[in-house]
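Trainee: Numbering (the numbering used here), first residue to last: 7 to 127. Backbone N, C-alpha and C fix where the C-beta goes; we use that ideal spot for every residue, glycine too.
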Amino acid sequence: MTYLFSAAAGLIAGIAAVLLIERSRERKRRRKKRTARKFEFSKLILSGVLLTYFAGFGVGLWAVAIDISQLGVFLAYVGTPTATAIGFYSWKAKAENVVKIKQAHPEETEGMPVDLNNIQP
7 MTYLFSAAAG LIAGIAAVLL IERSRERKRR RKKRTARKFE FSKLILSGVL
57 LTYFAGFGVG LWAVAIDISQ LGVFLAYVGT PTATAIGFYS WKAKAENVVK
107 IKQAHPEETE GMPVDLNNIQ P
């Protein structure tokens, strides 16, 4: 009975491995056909800020582990930039999507002006 389960597990694992290898090869073929992606400076800056933020997060956790009275300061450190970054990124994505929708559907959005300086959150 155990041999039957082992054989079935080996068969399933073998099929999964073949499928994964074939999928990997197909992805490599598709990558060669793609053109280079556009470099997005804002995402690079955001990544750098997040990297330093998480380094500070680690230091803050260490400080709270040493002295629990620093928990309020640590929570403010965590919450304020997080809320600001999420709000800004959402506003930026909304502005980009408004322009994309306007370009994709010019007939449906004919009477609606796109004022990027006055987009409300």
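#1: The alpha helix (DSSP H) spanning Thr86 covers which residue range?
#2: Grouping DSSP H, G and I as helix and E and B as strand, with all else coil, what is Lys34?
#3: With Thr58 as the anchor, note down where its alpha helix (DSSP H) starts and where it stops.
#4: Please identify the residue among Pro87, Arg33 and Val65 whose C-alpha is closest to the C-alpha of Leu56.
#5: Is the Cβ-Cβ distance between Leu69 and Gln76 less than 7 Å?
#6: Could you tell me the alpha carbon to alpha carbon distance between Arg33 and Ala22, rounded to whole angstroms?
#7: Do you know how far the Cα of Ser53 is from the Cα of Tyr91?
#8: Roughly how many whole angstroms lie between the Cα atoms of Lys98 and Ser48?
Mentor: According to the structure shown:
#1: Position 80 of the sequence shown holds residue 86. Start and end: Leu77 to Ala110.
#2: Looking up residue 34 in the sequence shown gives position 28. In the structure shown, Lys34 sits in a helix (DSSP, three-state: H, G or I).
#3: Stepping through the sequence shown from its first residue, residue 58 is reached at position 52. Element bounds for Thr58: Phe47 to Ile72.
#4: In the sequence shown, residue 56 corresponds to position 50, counting from 1. The candidate whose alpha carbon is nearest that of Leu56 is Pro87.
#5: In the sequence shown, counting from the first residue as 1, residue 69 sits at position 63. In the sequence shown, counting from the first residue as 1, residue 76 sits at position 70. The amino acid at residue 69 is misidentified as Leu; the sequence shows Ala. The answer is yes: Cβ separation under 7 Å.
#6: As a working mapping, residue 33 is identified with position 27 in the sequence shown. As a working mapping, residue 22 is identified with position 16 in the sequence shown. In a straight line, the C-alpha of Arg33 is about 16 Å away from that of Ala22.
#7: Position 85 of the sequence shown, counted from the start, is the residue given in the question as residue 91. Position 47 of the sequence shown, counted from the start, is the residue given in the question as residue 53. A small correction: the amino acid at residue 91 is Ala; Tyr does not occupy that position in the sequence shown. Whole-angstrom Cα-Cα distance: 11 Å.
#8: As a working mapping, residue 98 is identified with position 92 in the sequence shown. As a working mapping, residue 48 is identified with position 42 in the sequence shown. Taking the straight line from one Cα to the other gives about 10 Å.
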